[in-house]
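Protein chains in written order, with our numbering: chain Z, 1 to 335; chain A, 336 to 670. Yeah, the Cβ is synthetic: ideal placement off N, Cα and C, and Gly gets one too. Predicted model only: the values in this text are computed from it and were never measured.
Protein chains: 2
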Amino acid sequence: MDNPFLVEVTRGNLVESRHRGSIAVVDADGGTVLSLGDVERRVFPRSAVKAIQALPLIESGIADKYSLSDEEIALACASHSGEPEHVRVAQSMLAKAGRDATCLECGAHWPSGEAAKLALAAQGEKPNALHNNCSGKHAGFICLACGLDEDPRGYVKSAHPVQQAVRAALEDLTGASHTEEVSGIDGCSIPTYAIPLPSLAFGFAKFGAGVGLSSGYKSAAERIRQAVARHPFMVAGTDRFDTKLMTVLGERVFVKVGAEGVFCAAFPELGFGVALKADDGNGRAAEAMMAGLVLRFLQLADEQRAAVEALAQPVLKNWNGIEVGRIRPSSDFLQ
Amino acid sequence: MDNPFLVEVTRGNLVESRHRGSIAVVDADGGTVLSLGDVERRVFPRSAVKAIQALPLIESGIADKYSLSDEEIALACASHSGEPEHVRVAQSMLAKAGRDATCLECGAHWPSGEAAKLALAAQGEKPNALHNNCSGKHAGFICLACGLDEDPRGYVKSAHPVQQAVRAALEDLTGASHTEEVSGIDGCSIPTYAIPLPSLAFGFAKFGAGVGLSSGYKSAAERIRQAVARHPFMVAGTDRFDTKLMTVLGERVFVKVGAEGVFCAAFPELGFGVALKADDGNGRAAEAMMAGLVLRFLQLADEQRAAVEALAQPVLKNWNGIEVGRIRPSSDFLQ
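Structure follows, in structure tokens:
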């Protein structure tokens, strides 16, 4: 099955590049709201499921045991830009568990935020694991291990109690089995499991609506959604899509990007969960699709609509600031 | 017409992302050697035609008038990484025409080379137009303007004698008309014209084989190919595909990347020209396709073959250096 063209990139009067993709929107009963393309093809959700991966930390009571703040809970669900505030909060989470950055097993990389990267270089410094976009998630994993009285070492391995708890949460919410055969290694070294988009969307429908969940997961999901809505900067960063969208819409949308063109979302007021993937793994296409879905499904005030439209159809400028084209949902997608 | 899957990106045992594209390989008589996908769809060649855009500088005798070196001629065809050597050579070209960086109209951006960018930031500096990946091409344009006794100001505009000469060279080699309706503005502010891939490939077949050209263009093309083969670092930079491929194969291949997944090449010994585009504009896919075509068409010694295979099927590692997958030509493409 050929996936449809969903996003196009223009230059002058022509379409220069085109992105295909697949989208599943599902309600909290698992009913199909929208299905575009081959949604049964398994997709690695990558970082798009960090909020579900954070459920055991809250549900276990360990977040409360360590008095984790809303900022810290938001960072546990983040793919952050490595800005100083993100680094500070990751460090604070580790300190609450009596640990430090040497326990992180995510690897180091330069901040993904351009300004943060250049500022770090200008200070003559090099990045460490706290700058890794996943450091908040990993700090949460270390808190979980310590709170369970487990040795955090090796917490990235699939056999470690931390990853077992994470996998159980993913299976519980999505209803899809997460087995070795469909697993890969994520950028930050934890396992990632490929599942169909409708399963992923179903998980986020339940996460957003709070239905079909144990009472522990239900209140954990609510706490995460509130924490992220209060601190949208923590889950991404300056000029990032997730931060901008949730700053505009607050608790009306929970949205999380993943690598390779994956995006997940919950629209709690409708009880809908969303999962999508750009075939080619391109993030610009995934962002335009997600903003397009928000415009399609949510009633927005004029100012909110304008802000989301700017995310759905960003203008492309060259090095002299001249407008050269734009990214936009294709006509197929807008129908 | 649906373009075929040509490149896939794996994670674990699964294909995570897939790239479609189109490819035209043409001989110097314009005969079709290979045609994959919808090759009649117009494509903006972007920076892939810089070598053709540099022909007027040589053919006019102005490169000789200013005693441009092989390094400088190679840089005139470059999308360079903004490394110190690139900046030095661009500056030298401008000085030979009695000009400096204030004449560049390409805009400033941080070096595209990561190490060069971080080193510049560590020195507390900011980028200028010399760091722009197109600064060599623009320095060549300024030399051309000055050599023609034209005011270089506005040399990026389509009506300026520089762009008229450049457009004439593009039309002459490709045989395609370059009109306003199919034009867009490139990243560096000059016009770019969308033409079909076979026309683009035809231009590079003639460029590489030296047939079907005026004697002036023929010797200019030869000079450019030799200059680039002698200084492959100048056309791209550290760890860049074009530099690596031409370092291994010398004058046997002329290859040039363009933005948005475009690649052009000449295989002079076969008289073939190549033009390809990844539908989605992704450079990793375009690189894998180009390396795949080199493997398909050229007889290579074992060591050369191994080097090109590493470019066709790069291993993907995560932040801890663990192999997580690879990029590879799809089975359709390898047939």
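* Closest by CA to Z:Trp-110, which one among Z:Arg-46, Z:Ser-135, Z:Gly-82? -> The candidate whose alpha carbon is nearest that of Z:Trp-110 is Z:Gly-82.
* is_contact[A:Phe-476, chain Z] using C-beta, thresh 9 Å -> By this cut-off, A:Phe-476 is not an interface position.
* **Cβ neighbours of A:Gly-482 in the same chain (closer than 6 Å, five flanking residues each side left out)** => Within the same chain, Ile-397, Lys-400 come within 6 Å of A:Gly-482 by CB-CB distance, once the 5 residues on both sides are set aside.
* Asked: Does any C-beta atom of chain A lie closer than 9 Å to the C-beta of Z:Ser-81?
  -> No, Z:Ser-81 lies away from the interface with chain A (no Cβ there is under 9 Å from its Cβ).
* To do: Count the other C-beta atoms from every protein chain shown that fall within 10 angstroms of the C-beta of A:Gln-499, then say buried if there are 16 or more, exposed otherwise.
  => A:Gln-499 is exposed by the Cβ-count criterion.
* Show which residues of chain Z have a CB atom less than 8 Å away from the CB atom of A:Ile-387. => What A:Ile-387 touches in chain Z: nothing, since even the nearest Cβ is about 19 Å away.
* Does the Cβ-Cβ distance between Z:Ala-275 and Z:Ala-78 come in under 9 Å? -> In this structure, Z:Ala-78 does not lie closer than 9 Å to Z:Ala-275 by Cβ.
* **Alpha carbon of Z:Ser-67 to alpha carbon of Z:Ala-28, nearest angstrom** => Distance between the alpha carbons of Z:Ser-67 and Z:Ala-28 is about 31 Å.
* To do: Assuming A:Leu-410 contacts A:Met-569 (C-beta within less than 8 Å), just tell me the rounded distance between them.
  => Separation of the CB atoms of A:Leu-410 and A:Met-569 is rounded to 5 Å, and the pair is thereby assigned contact status at 8 Å.
* To do: Whole angstroms is fine: what's the gap from A:Ser-666's alpha carbon to A:Leu-341's?
  => Rounded to whole angstroms, A:Ser-666 to A:Leu-341 spans 8 Å at the Cα level.
* Hey, is the stretch 431-445 of chain A in contact with the stretch 503-514 of chain A, meaning 3+ C-beta pairs nearer than 8 Å? -> With fewer than three CB-CB distances shorter than 8 Å, the stretch 431-445 of chain A does not count as touching the stretch 503-514 of chain A.
* Buried or exposed: which applies to Z:Gly-31, given that a residue is buried once 16 or more other Cβ atoms fall within 10 Å of its Cβ? -> Here Z:Gly-31 is exposed: its Cβ has fewer than 16 other Cβ atoms, across all protein chains shown, within 10 Å.
* Asked: Under a Cβ-count criterion, where at least 16 other Cβ atoms within 10 Å of its own Cβ denotes burial, should A:Arg-423 be classed as buried or exposed?
  -> So A:Arg-423 counts as exposed.
* **Rounded straight-line distance, which links the Cα of A:His-354 to that of A:Arg-587** => If you take the alpha carbons of A:Arg-587 and A:His-354, they lie about 28 Å apart.
* For Z:Asp-2, count neighbouring C-beta atoms within 10 Å of its own C-beta (all shown protein chains included) and say buried if the count is 16 or more, exposed if not. => So Z:Asp-2 ends up on the exposed side.
* Anything in chain A within Cβ reach of Z:Ile-195, meaning under 9 Å, just list it in chain order. => Under the 9 Å cutoff, chain A gives no residues; its nearest Cβ is about 11 Å from Z:Ile-195.
* Asked: Comparing the C-beta of Z:Gly-281 with each C-beta of chain A, is any distance below 9 Å?
  -> Answer yes: the Cβ-Cβ gap between Z:Gly-281 and chain A drops below 9 Å somewhere.
* Mind checking if A:Asn-463 is an interface residue toward chain Z, Cβ cutoff 9 Å exclusive? -> By this cut-off, A:Asn-463 is not an interface position.
* **Opening and closing residue of the alpha helix (DSSP H) in which Z:His-138 lies** => 135-147 is the extent of the alpha helix (DSSP H) around Z:His-138.
* How long is the line joining the alpha carbons of A:Gly-585 and A:Ala-645, rounded to whole angstroms? -> Distance between the alpha carbons of A:Gly-585 and A:Ala-645: 17 Å.
* Pick out whichever of Z:Ser-219, Z:Val-156, Z:Asp-149, Z:Ala-266 has its Cα sitting closest to the Cα of Z:Phe-204. => Cα-wise, what sits closest to Z:Phe-204 is Z:Ala-266.
* Quick one: list the residues of chain Z neighbouring A:Ser-513, beta-carbon separation under 8 Å, in chain order. => Residue 513 of chain A is actually His in this sequence, not Ser. Simply none; closest approach about 12 Å.
* Asked: Taking C-alpha atoms, which residue in Z:Val-182, Z:Tyr-155, Z:Gly-113 lies nearest to Z:Val-43?
  -> Closest in C-alpha terms to Z:Val-43, from the list Z:Val-182, Z:Tyr-155, Z:Gly-113, comes Z:Val-182.
* **Option nearest Z:Ser-214 by Cα separation, candidates Z:Gly-21, Z:Ala-115, Z:Asp-172** => Of the candidates Z:Gly-21, Z:Ala-115, Z:Asp-172, the one whose C-alpha sits nearest the C-alpha of Z:Ser-214 is Z:Asp-172.
* **Endpoints, the alpha helix (DSSP H) within which A:Arg-560 is located** => Its alpha helix (DSSP H) spans residues 550-565.
* Asked: Between which two residues does the beta strand (DSSP E) containing A:Ser-427 stretch?
  -> DSSP places A:Ser-427 in no beta strand (DSSP E) but in the uninterrupted alpha helix (DSSP H) bounded by 419-431.
* Inter-residue spacing [alpha-carbon to alpha-carbon] between A:Cys-469 and Z:Gly-271 -> Using only the alpha carbons, I get a separation of about 50 Å.
* To do: Note down the Cα distance separating Z:Leu-200 from Z:Tyr-193, rounded to an integer number of angstroms.
  => Roughly 11 Å between the two C-alpha positions.
* Report yes or no: do the stretch 445-456 of chain A and the stretch 465-479 of chain A share at least 3 C-beta pairs separated by less than 8 Å? => Yes, since at least three Cβ pairs between the stretch 445-456 of chain A and the stretch 465-479 of chain A fall closer than 8 Å, the two stretches touch.
* Where the beta strand (DSSP E) through Z:Phe-5 begins and ends -> Start and end: 5-11.
* Asked: Applying the criterion that 16 or more other CB atoms from any shown protein chain within 10 Å of the CB defines a buried residue, is A:Val-546 buried or exposed?
  -> Classification for A:Val-546: exposed.
* Indicate the three-state DSSP secondary structure (helix, strand or coil) for A:Phe-602 in the structure shown. => The answer is strand: DSSP assigns A:Phe-602 an E or B state.
* To do: Return the CA-CA distance between Z:Ser-17 and A:Ala-389, expressed in angstroms with no decimal places.
  => A direct Cα-to-Cα measurement between Z:Ser-17 and A:Ala-389 gives close to 26 Å.
* Asked: What did DSSP end up calling A:Lys-612 once you bin it into helix, strand or coil?
  -> DSSP places A:Lys-612 within a strand segment (E or B) once states are collapsed to three.
* To do: Could you tell me whether the Cβ of Z:Lys-117 comes closer than 9 Å to any Cβ of chain A?
  => Under the 9 Å criterion on CB atoms, Z:Lys-117 is classed as interfacial with respect to chain A.
* Roughly how many whole angstroms lie between the Cα atoms of Z:Tyr-155 and A:Leu-633? -> Distance between the alpha carbons of Z:Tyr-155 and A:Leu-633: 48 Å.
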